[in-house]
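Throughout, the working numbering is defined as the position within the sequence shown, counted from one, plus 273.
Here is the structure we will look at, set down as structure tokens.
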Amino acid sequence: MKLLLRRKHTTSRILCFFLVVLVFFYIICLENVWSTPKSEKLKEEIDAILQKYKPKGTHVGISIFSISEDKYLYEVNSNKHFVVASNMKLFTTATALVYLGAGFEYKTEIFYRGDISADGKLDGDIIIKGSGDPNISGRFFDGNVTAVPDYWADKIKKYGIQVINGDIIADDRIFDREFVHSNWPKDQLTKWYCAPVSGLSFNDNCVDIKVKPGSKPGGLISVQIEPETSYITIINKCKTTSLKSKHYYSLYRKPFTNQINLKGFVWSKAKPTKEWMTIHNPPLYLATVFKEILEDKNIRITGEARVINKSDINIRIKQHKLVATTSSLRQSITVANKRSQGFYAEQILKTLGAIIKKEGTFSGGLAVISDFITKLGIQEDHYHLDDGSGLSKKNKLTPEMFTRLLRYMYKHKNAGIFLKSLPIAGTDGTLKKRLKEEPYKSRIRAKTGYVNGTSTLSGYVKTVDEEIIAFSILVNKIKGGAWQAKRLQDIICRSLVTYN
Numbered sequence: 274m275k276l277l278l279r280r281k282h283t284t285s286r287i288l289c290f291f292l293v294v295l296v297f298f299y300i301i302c303l304e305n306v307w308s309t310p311k312s313e314k315l316k317e318e319i320d321a322i323l324q325k326y327k328p329k330g331t332h333v334g335i336s337i338f339s340i341s342e343d344k345y346l347y348e349v350n351s352n353k354h355f356v357v358a359s360n361m362k363l364f365t366t367a368t369a370l371v372y373l374g375a376g377f378e379y380k381t382e383i384f385y386r387g388d389i390s391a392d393g394k395l396d397g398d399i400i401i402k403g404s405g406d407p408n409i410s411g412r413f414f415d416g417n418v419t420a421v422p423d424y425w426a427d428k429i430k431k432y433g434i435q436v437i438n439g440d441i442i443a444d445d446r447i448f449d450r451e452f453v454h455s456n457w458p459k460d461q462l463t464k465w466y467c468a469p470v471s472g473l474s475f476n477d478n479c480v481d482i483k484v485k486p487g488s489k490p491g492g493l494i495s496v497q498i499e500p501e502t503s504y505i506t507i508i509n510k511c512k513t514t515s516l517k518s519k520h521y522y523s524l525y526r527k528p529f530t531n532q533i534n535l536k537g538f539v540w541s542k543a544k545p546t547k548e549w550m551t552i553h554n555p556p557l558y559l560a561t562v563f564k565e566i567l568e569d570k571n572i573r574i575t576g577e578a579r580v581i582n583k584s585d586i587n588i589r590i591k592q593h594k595l596v597a598t599t600s601s602l603r604q605s606i607t608v609a610n611k612r613s614q615g616f617y618a619e620q621i622l623k624t625l626g627a628i629i630k631k632e633g634t635f636s637g638g639l640a641v642i643s644d645f646i647t648k649l650g651i652q653e654d655h656y657h658l659d660d661g662s663g664l665s666k667k668n669k670l671t672p673e674m675f676t677r678l679l680r681y682m683y684k685h686k687n688a689g690i691f692l693k694s695l696p697i698a699g700t701d702g703t704l705k706k707r708l709k710e711e712p713y714k715s716r717i718r719a720k721t722g723y724v725n726g727t728s729t730l731s732g733y734v735k736t737v738d739e740e741i742i743a744f745s746i747l748v749n750k751i752k753g754g755a756w757q758a759k760r761l762q763d764i765i766c767r768s769l770v771t772y773n
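Here's what the structure looks like:
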């Protein structure tokens with residue numbers, strides 16, 4: 274009897290165990306029916322966004338990778354080649370941080386050669402030796418364009434030099450003299466974003482032109498340039514008009530000259546405006562302005578401003594340092610990315626070539642970026658590089674290359690500098706006016722990009738759950754404006770922020 278009861282008790286326990294197991298699997302099945310993994314939800318969400326918001330006829334590539342979860346969340350055309358516009362700056366600046374390092378500095382040095390007499394006469398030349406520094410401007414000096422050369426001139430004056438019986442020589446040899454890339458748009462070379470690249474640069478290799486109406490209709494408008502220099506010739510044929518409807522003017526610089534022509538009409542009630550126009554021959558520009566500054570400080574110069582030549586290199590006279598100024602790679606990278614300043618990106622590119630490959634050229638810099646891409650595990654025949662800023666449409670990369678780069682840089686020792694250089698949604702840089710609402714504001718750090726027919730956005734998202742996501746959204750073959758492509762990018766970014 275006891276044995277029978279024990280058997281019944283054991284059977285009951287077994288039945289209970291199987292019942293619990295059945296209930297457990299039933300719950301799991303219910304969860305699979307009623308809930309979808311969050312990555313699947315995101316995929317469905319982005320599929321729907323593309324269906325609704327993808328601009329007609331465009332070619333879209335997307336790669337989204339969760340750094341926190343270490344997995345891809347979404348891909349479409351992620352290994353197809355795209356024109357990348359200013360997203361190219363991500364590769365240029367990242368390569369600089371990896372190969373030059375966060376502590377790299379540009380140094381511009383002022384030397385003299387010859388003898389200085391007791392009464393302050395230098396029988397020789399002043400030499401400005403460039404390092405490719407993009408920061409000789411007013412950007413970090415409260416808009417004072419000539420702050421740096423003014424400082425040099427003051428140091429020379431304090432040294433006791435009153436007369437220079439020689440020339441002001443620009444030594445730009447760290448880079449070659451291919452100032453303008455052959456694949457930049459020929460009809461836009463006077464625009465600030467096509468600024469020439471040089472071993473000695475000044476004021477972003479542009480002149481600032483301030484335009485305002487004249488004192489009365491029919492008369493010429495008022496034109497001021499900054500810096501004030503004889504290096505630039507202004508031909509002003511632009512008149513003031515009382516008719517708002519006639520307000521239109523244009524600026525044109527003759528190729529390979531520094532003659533700028535203004536024509537058209539400026540409305541008499543129009544506010545003053547500032548234009549930026551590139552200059553020809555940057556090292557000579559700086560040498561000329563520096564000579565004029567020295568003369569304004571009552572230092573007499575008998576020679577001319579000029580660029581270094583072969584005969585200078587062969588002269589064996591010892592050079593003596595007078596003064597040097599430095600700027601950091603860190604600040605240069607921030608300007609390149611936050612402001613999308615192509616001039617800075619190209620200066621950094623040639624710096625990479627000069628320092629790492631001993632070849633301060635476009636191709637020298639691109640060779641260093643190629644080395645970095647190889648380090649990322651990408652084969653050389655899977656992409657094409659053409660410049661450092663993305664202005665050339667011949668740069669061809671994939672969305673997956675960008676997320677791979679972003680993943681690498683997020684874990685790099687210089688990650689903090691790289692991330693801080695990127696525009697922040699709704700806060701600063703080229704994303705200041707995008708994704709301004711909560712909870713999206715400040716949760717996206719990304720590089721924007723635009724050239725005709727192309728809009729790109731690549732960077733990082735911090736989700737509401739504090740997860741870190743790397744993403745790249747590249748849109749090509751846009752017809753008309755880029756607003757629809759930007760809308761698509763922004764909507765996808767909103768989905769990433771709320772990914773949980």
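Even glycine gets a Cβ: it sits at the ideal position worked out from N, Cα and C.
| Query | Result |
| --- | --- |
| E451 (DSSP reduced to helix, strand or coil) | coil |
| Length of the line joining the Cα atoms of P232 and T419 | Only positions 274 to 773 of the chain appear in the structure, and residue 232 is not among them; the question remains open. |
| Coil, strand or helix - V539 by DSSP | strand |
| Proximity below 8 Å, CB of S339 to CB of S351 | no |
| 6 Å Cβ shell around H657 - same chain, five flanking residues per side excluded | K669 |
| Contact set for L524: own chain, Cβ-Cβ below 8 Å, skip 5 residues either direction | T463, I482, I533, N534, L535, E548 and M550 |
| Buried versus exposed, by CB contacts within 10 Å (16 or more), D398 | buried |
| Whole-number beta carbon distance between R579 and L557, since they are thought to touch under 8 Å | 7 Å |
| T598 versus G615: straight-line alpha-carbon distance, rounded | 23 Å |
| Straight-line Cα distance separating G732 from T703 | 13 Å |
| H354 - partner residues in DSSP beta bridges | Partner(s): none; H354 has no beta bridge. |
| Nearest to S605 (by Cα), restricted to the options G405, L346 and T331 | G405 |
| Distance between I508 and Y681 (C-alpha atoms, nearest Å) | 51 Å |
| L516 to G754 span [Cα, whole Å] | 30 Å |
| Best match in T634, A719 and F744 for proximity to R677 [C-alpha to C-alpha] | F744 |
| Burial state of N587, where buried means 16 or more other Cβ atoms lie within 10 Å | exposed |
| DSSP state of W425 mapped onto helix, strand, coil | helix |
| Collapsed DSSP secondary structure at L704 in the structure displayed | helix |
| Beta carbon proximity, K527 to chain C, threshold 8 Å | Judged by its chain identifiers, the structure shown contains no chain C, having just a single protein chain. |
| Where R767 falls, given that 16 or more other Cβ within 10 Å makes a residue buried | buried |
| Inter-residue Cα distance where the pair is P672 and I697 | 20 Å |
| First and last residue of the uninterrupted beta strand (DSSP E) at D585 | D585 -> not in any beta strand (DSSP E); alpha helix (DSSP H) instead, spanning K583 to N587. |
| Check whether G491 and K512 have beta carbons under 8 Å apart | yes |
| Cβ neighbours of I742 in the same chain (closer than 6 Å, five flanking residues each side left out) | S339, V734 and L769 |
| 8 Å Cβ shell around T771 - same chain, five flanking residues per side excluded | P712, T736 and V737 |
| Element boundaries [beta strand (DSSP E), containing D481] | C479 to K485 |
| Where the alpha helix (DSSP H) containing Y345 begins and where it ends | It is not in any alpha helix (DSSP H) - Y345 instead sits in the beta strand (DSSP E) that spans K344 to V349. |
| Integer Cβ distance of A609 from I621, believed to fall under 8 Å | 6 Å |
| Same chain only: Cβ atoms within 7 Å of A543, ignoring 5 sequence neighbours per side | P486 and H520 |
| From N531, K709, V748 and R718, residue whose alpha carbon lies closest to that of T607 | R718 |
| C-alpha distance - I498 paired with F563, whole-angstrom precision | 16 Å |
| Run of the alpha helix (DSSP H) containing S694, from where it starts to where it stops | Element bounds for S694: n/a, residue is neither H nor E. |
| C-alpha gap between I301 and H332, whole angstroms | Interpretation of I301 is limited by its pLDDT of 48, a score under 50 that renders its predicted location unreliable; no figure is taken from the coordinates. |
| Three-state secondary structure assigned by DSSP to G689 | helix |
| For I340, three-class secondary structure by DSSP | coil |
| Residue closest to V484, alpha-carbon to alpha-carbon, out of F475, W540 and Q461 | W540 |
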